[in-house]
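Student:
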Amino acid sequence: MRILRTALLLLLAATAPAFAQPEPIKVKVFIASMFEIGENTGDRAGEFQYWFDDYWKDATPIEVRGATHPVFCNDDGVCGAVLGMGKVASSSSMMAILLNPAFDFSQSYYLLTGVAGTPPSRGTIGSVFWGSWLIDYDLGHRWAEGEVPAGDPLFMPRKGYEDVRLFQLNPALTARAFAISRDVPLADSDSAQTYRQRYPDAVAKGAPVVGTGTHMTGDTFFHGPGLSAEAQYIADLYQADDYVITEMEAAALAQVIGRLHGTDRIMSLRGAVNFDQGNPDESTLAHLDPKPGETAGGFDETLQNIHAVGAVVVTDIVTNWNQWQSGVPAQ
Numbered sequence: 010m011r012i013l014r015t016a017l018l019l020l021l022a023a024t025a026p027a028f029a030q031p032e033p034i035k036v037k038v039f040i041a042s043m044f045e046i047g048e049n050t051g052d053r054a055g056e057f058q059y060w061f062d063d064y065w066k067d068a069t070p071i072e073v074r075g076a077t078h079p080v081f082c083n084d085d086g087v088c089g090a091v092l093g094m095g096k097v098a099s100s101s102s103m104m105a106i107l108l109n110p111a112f113d114f115s116q117s118y119y120l121l122t123g124v125a126g127t128p129p130s131r132g133t134i135g136s137v138f139w140g141s142w143l144i145d146y147d148l149g150h151r152w153a154e155g156e157v158p159a160g161d162p163l164f165m166p167r168k169g170y171e172d173v174r175l176f177q178l179n180p181a182l183t184a185r186a187f188a189i190s191r192d193v194p195l196a197d198s199d200s201a202q203t204y205r206q207r208y209p210d211a212v213a214k215g216a217p218v219v220g221t222g223t224h225m226t227g228d229t230f231f232h233g234p235g236l237s238a239e240a241q242y243i244a245d246l247y248q249a250d251d252y253v254i255t256e257m258e259a260a261a262l263a264q265v266i267g268r269l270h271g272t273d274r275i276m277s278l279r280g281a282v283n284f285d286q287g288n289p290d291e292s293t294l295a296h297l298d299p300k301p302g303e304t305a306g307g308f309d310e311t312l313q314n315i316h317a318v319g320a321v322v323v324t325d326i327v328t329n330w331n332q333w334q335s336g337v338p339a340q
């Protein structure tokens, strides 16, 4: 009887129709944001909301084990998710999504987005910068001022991190993204315009612009002219472009994406919602903990600018996929 039963089961298995596995979603562009303030839509916007409203309002969330938030995709192959703030949260979510069989990332472009800080000598509130280089601010040795001769550096790179402390993003892709988006009109606010005038730098006082430069990734939310100068020192030390943005995720995400798919299709896009230091009449502590009415303003306008600048590039990629599919098209 047992033999007959086994034979019957084998026969049924051989003749039963195979259940077709769904085809993975072919991701053309993956948009990564780091946080959302509340809901994905309908309330005060965080980094994800304008993207969600544009691309995924009617999309079904795709839960991914190991990611902090679900992934959303539309019929054009544009997918995105909130990854979490900081290097660990964002990179672990990104790895979980990249390894999930529901998605095909073999030809994907990655748009890493969010708000950030900028030095007043190189940016202003509302400006948006494409990253040409990503530097990990944390991978090295540091010591306190006063423990070395006055004026000596307080940072030294640590050996062993040469391959992951610095990423030059694909120059052709950065140049192409900048060329497509450089003339996008940017939003501004009265409060940001007033706040800028506290700074003596012409760039800080000026209207927001689209630019390029080095994005400095660190879990330390650093402030003050001394640490800003150190960030520029590190950029110079690594022979990267000038430091224009301080943020908390991009270098870690580049390492994760690079392990599986390389870094040639990564774009980092950040908008400045604060200066990385106070004005000359303001202490660093006062800048970190401003009194009511002393904040910079322009937060929502910067979110709008990030979306407006990034969306024209996403649209170009998706609309002209036959040109982008095999690599960055020539300008």
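Per our numbering, the very first residue in the sequence shown carries number 10; after that it's consecutive. For each residue, glycine too, the CB sits at the ideal point set by N, CA and C.
Within this structure, are the beta carbons of Ile315 and Thr223 separated by less than 9 Å?
Tutor: It is not a contact, given that the beta carbons lie outside the stated cut-off.
Student: Suppose the cutoff is 7 Å on Cβ atoms and the five residues either side in sequence are ignored; what does the same chain contact list for Lys66 look like?
Tutor: Excluding residues within five positions, the ones whose Cβ falls inside 7 Å are Thr50.
Student: Could you round the C-beta distance between Thr311 and Val265 to whole angstroms and report it? I think they count as a contact, below 8 Å.
Tutor: In fact, because the Cβ distance is near 26 Å, the residues do not count as touching under 8 Å.
Student: If we require 3 or more residues per run, which beta strand (DSSP E) segments fall completely within the stretch 151-210?
Tutor: 164-166 and 175-177, all fully within the stretch 151-210.
Student: Can you give me the C-alpha to C-alpha distance between Thr304 and Ile40, rounded to a whole angstrom?
Tutor: Each residue's alpha carbon lies about 29 Å from the other.
Student: For Val137, which option in Gln248, Gly47 and Gly319 has the closest C-alpha, if you only look at C-alpha atoms?
Tutor: For the residues Gln248, Gly47 and Gly319, the minimum Cα distance to Val137 belongs to Gly319.
Student: What is the DSSP secondary structure of Ile46, reduced to helix, strand or coil?
Tutor: Of the three classes helix, strand and coil, the one that applies to Ile46 here is coil, per DSSP.
Student: So Val36 and Cys88 are in contact, right, with Cβ under 8 Å, and what is the actual spacing, rounded?
Tutor: The pair is a contact, with the Cβ atoms about 5 Å apart (cut-off 8 Å).
Student: How would you write the range of the alpha helix (DSSP H) that Thr311 sits in, first residue to last?
Tutor: Residues Phe308 to Thr328.
Student: By the three-class DSSP mapping on this structure, what secondary structure does Arg74 have?
Tutor: If DSSP states are grouped into helix, strand and coil, Arg74 belongs with coil.
Student: Could you give the distance in angstroms between the alpha-carbon of Phe57 and the alpha-carbon of Ile243?
Tutor: Computed Cα separation, rounded: 30 Å.
Student: Could you have a look at Phe61 and say whether DSSP puts it in helix, strand or coil?
Tutor: Helix.
Student: How should His150 be labelled, buried or exposed, when 16 other C-beta atoms within 10 angstroms of its C-beta is the threshold for buried?
Tutor: With fewer than 16 other Cβ atoms within 10 Å, it is exposed.
Student: Who are the Cβ neighbours of Asn109 in its own chain at under 6 Å, not counting the five residues just before and after it?
Tutor: For Asn109, where only same-chain residues beyond five positions count, the Cβ hits under 6 Å are Val73.
Student: Under a Cβ-count criterion, where at least 16 other Cβ atoms within 10 Å of its own Cβ denotes burial, should Gly155 be classed as buried or exposed?
Tutor: By the neighbour-count rule (16 or more Cβ atoms within 10 Å), Gly155 is not buried but exposed.
Student: What residue does the alpha helix (DSSP H) around Tyr242 start on, and which one ends it?
Tutor: Pro234 to Leu246 is the span of the alpha helix (DSSP H), which, as asked, contains Tyr242.
Student: Check whether the stretch 152-171 and the stretch 192-201 touch, using three or more Cβ-Cβ pairs below 8 Å as the test.
Tutor: No, they do not touch.
Student: Kindly give me the distance between the Cβ atoms of Gln241 and Asp251, rounded to whole angstroms, as I take these residues to be in contact under 8 Å.
Tutor: Confirmed, about 7 Å.
Student: I believe Ala217 touches Thr133 by the beta-carbon criterion, under 8 Å. Please report the beta-carbon distance rounded to the nearest angstrom.
Tutor: It is Pro, not Ala, that sits at residue 217 in the sequence shown. Rounded, the Cβ-Cβ distance is 6 Å, consistent with contact.
Student: Excluding sequence positions up to five away, which residues of its chain have a Cβ less than 6 Å from the Cβ of Ser237?
Tutor: So the qualifying residues of the chain are Pro128, Asp285 and Gln286.
Student: Quick one: what does DSSP say Arg268 is sitting in, helix, strand or coil?
Tutor: Residue state, collapsed to three classes: helix.
Student: Specify, as a first and last residue, the run of the beta strand (DSSP E) that Ala281 falls within.
Tutor: Ile275 to Phe284 is the span of the beta strand (DSSP E), which, as asked, contains Ala281.
Student: Among the residues of its own chain, which have a CB less than 6 Å from the CB of Met225, if the five just before and after it don't count?
Tutor: For Met225, where only same-chain residues beyond five positions count, the Cβ hits under 6 Å are Ile144, Tyr146, Ala240, Tyr252 and Thr255.
Student: State the DSSP-derived secondary structure class of Leu21, mapped to helix, strand or coil.
Tutor: Any reading at Leu21 must be qualified, since the residue scores a pLDDT of 41, below 50, and its modelled position is unreliable; the value itself is stated next. Note: Leu21 maps to helix in three-state DSSP.
Student: Are there 16 or more other CB atoms within 10 angstroms of the CB of Gly341, so buried, or fewer, so exposed?
Tutor: Because the chain is modelled from 10 through 340, residue 341 falls outside the range shown and cannot be assessed.
Student: Could you give the distance in angstroms between the alpha-carbon of Ala68 and the alpha-carbon of Asn83?
Tutor: If I take the Cα positions, the gap works out to 6 Å.
Student: Would you check if the distance between the CB atom of Ile341 and the CB atom of Asp325 is smaller than 9 Å?
Tutor: The structure shown does not extend to residue 341, since the chain spans only 10 to 340, so no value can be given for it.
Student: Would you mind working out which of Val173, Glu48, Gln334 and Gln177 sits nearest Gly86, comparing C-alpha positions?
Tutor: Closest option to Gly86, Cα to Cα, is Gln334.
Student: Under 9 Å between the Cβ atoms of Leu121 and Leu278?
Tutor: It is a contact, given that the beta carbons lie within the stated cut-off.
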